[in-house]
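One structure below.
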Amino acid sequence: ASQPLCNGPQTMNILAVGIDYVGSGGDYLYGLADVIRIIHLDFTRPSISIMAIPRDLRVSIPGLESRGIDYGKINQAYFFGTPAMGYYAGQAGGAGLLADTLYYNFGLYPDHYGVFSMRALQSLIDAVGGIDITLETAVDGNANGIDIGFYDVGPHHFDGATAILFARIRAGYSDLDRIDHQTIILNALYQKLMSEEVRPRLLSIATDFILTEKILTDFSPSDLPMLICLAQQVERDSIKVATLPSDTFHAETIFGSNQVDRVFYFIPDTEKVIQVFNNFQTGLFP
Numbered sequence: 561a562s563q564p565l566c567n568g569p570q571t572m573n574i575l576a577v578g579i580d581y582v583g584s585g586g587d588y589l590y591g592l593a594d595v596i597r598i599i600h601l602d603f604t605r606p607s608i609s610i611m612a613i614p615r616d617l618r619v620s621i622p623g624l625e626s627r628g629i630d631y632g633k634i635n636q637a638y639f640f641g642t643p644a645m646g647y648y649a650g651q652a653g654g655a656g657l658l659a660d661t662l663y664y665n666f667g668l669y670p671d672h673y674g675v676f677s678m679r680a681l682q683s684l685i686d687a688v689g690g691i692d693i694t695l696e697t698a699v700d701g702n703a704n705g706i707d708i709g710f711y712d713v714g715p716h717h718f719d720g721a722t723a724i725l726f727a728r729i730r731a732g733y734s735d736l737d738r739i740d741h742q743t744i745i746l747n748a749l750y751q752k753l754m755s756e757e758v759r760p761r762l763l764s765i766a767t768d769f770i771l772t773e774k775i776l777t778d779f780s781p782s783d784l785p786m787l788i789c790l791a792q793q794v795e796r797d798s799i800k801v802a803t804l805p806s807d808t809f810h811a812e813t814i815f816g817s818n819q820v821d822r823v824f825y826f827i828p829d830t831e832k833v834i835q836v837f838n839n840f841q842t843g844l845f846p
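Remember, our numbering sits 560 above the position in the sequence shown when you count from 1.
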């Protein structure tokens, strides 16, 4: 095997989470994991693979039986692990319980994690001067009496606030559509971070976000040169982005764990999901 680049390991899995909570007492007291991505870094090829996990995936949430919780949506695993809930005594709070849940159900345990609040993502996009996207299909955020804007086919420049609004559009669209919208934003942000304009400032920006705890992560500032180095080595066609394949789960509305309310879930075919995760970690998917 080739020697890893950038003084990194051969491979690394990162759990990246975007949460929906912004609070006066701190953005990370509560929150549902409305954005869940597994990022697989290969330091030998080099390459980056990113897989989106639908937030409505029904999973067993380990360690909460005494609280009457045995399963729920995967985004709730983060919520039950947050400091304000106090349900989880392990490390990393919500990210820790979400990682435990991924391992308990599908055998995947990430090496590192990073959690962004909406405010943090908005600040990051503004810090790099906004992002540019080009839409091949118009996106209407005005359904059901909710005005989040209409985004026509063609180029758009988004500041942080607009990017967050676009990424959160849900009315009139499925959660899988929203994943696609989020991916558009994340792709554009990655391109801006790697631009000649921003790259010289990237280390200082990332260090500031870690030291001021604008994001939650177990990476330290000393890890950043390794990650930035890899990002600069990867060719654009070696970045693969995909969502957990639709043939690995099906939609169903059933009783939730409280056996009172009926809840919409994506019910996973566990064996298929495990196979996809295995293929993901060995570079066979996507």
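Even glycine gets a Cβ: it sits at the ideal position worked out from N, Cα and C. Remember, predicted model here, so these are calculated numbers, not experimental data.
_Classification of ALA637 by the beta-carbon crowding that lies within 10 angstroms, buried from 16 upward_ = buried
*Give me the Cα-Cα distance between VAL794 and PRO606, rounded to the nearest whole angstrom.*
If you draw a straight line from the Cα of VAL794 to the Cα of PRO606, it is about 6 Å long.
*asked:* Looking at the secondary structure, which residues open and close the alpha helix (DSSP H) in which LYS832 lies?
replied: 830-841 is the span of the alpha helix (DSSP H), which, as asked, contains LYS832.
*Best match in THR642, THR604 and VAL577 for proximity to GLN570 [C-alpha to C-alpha]*: Of THR642, THR604 and VAL577, the residue nearest in Cα terms is THR604.
*asked:* Considering only the alpha carbon of each residue, which of GLN751, MET786, ASN747 and GLN742 lies closest to LEU763?
replied: MET786
*Could you tell me whether the Cβ atoms of LEU695 and VAL713 are closer together than 7 Å?*
yes
*asked:* Going by the DSSP bridge assignment, what does PRO586 pair with across the sheet?
replied: In the sequence under discussion, the amino acid at residue 586 is Gly, which differs from the Pro named in the question. Its beta-bridge partners do not exist; DSSP assigns none.
*Which residue from GLN563, ILE693, SER562 and GLY568 puts its Cα closest to that of LEU784?*
Nearest to LEU784 by C-alpha distance, out of GLN563, ILE693, SER562 and GLY568, is GLY568.
*asked:* I want to see whether chain C comes within less than 7 Å of THR830, judged by CB atoms only; does it?
replied: Of the protein chains in the structure, only one exists, and it is not chain C.
*Three-way DSSP call (helix, strand, coil) for PRO670 in this model*: coil
*Residues of its chain near ILE691, where Cβ-Cβ distance is below 8 Å and the 5 sequence neighbours each way are ignored*: ILE685, HIS717, PHE718, ALA723, ILE745, ALA748, LEU749, GLN751 and LYS752
*On the DSSP bridge assignment, give the partners of ASP692 in chain order.*
HIS717
_LEU592 beta carbon less than 7 Å from that of ASN635_ = yes
*Use the C-beta contact count for ASN573: other C-beta atoms within 10 angstroms, 16 or more gives buried, fewer gives exposed.*
buried
_Between the CA atoms of GLU756 and ILE621 - distance to the nearest angstrom_ = 43 Å
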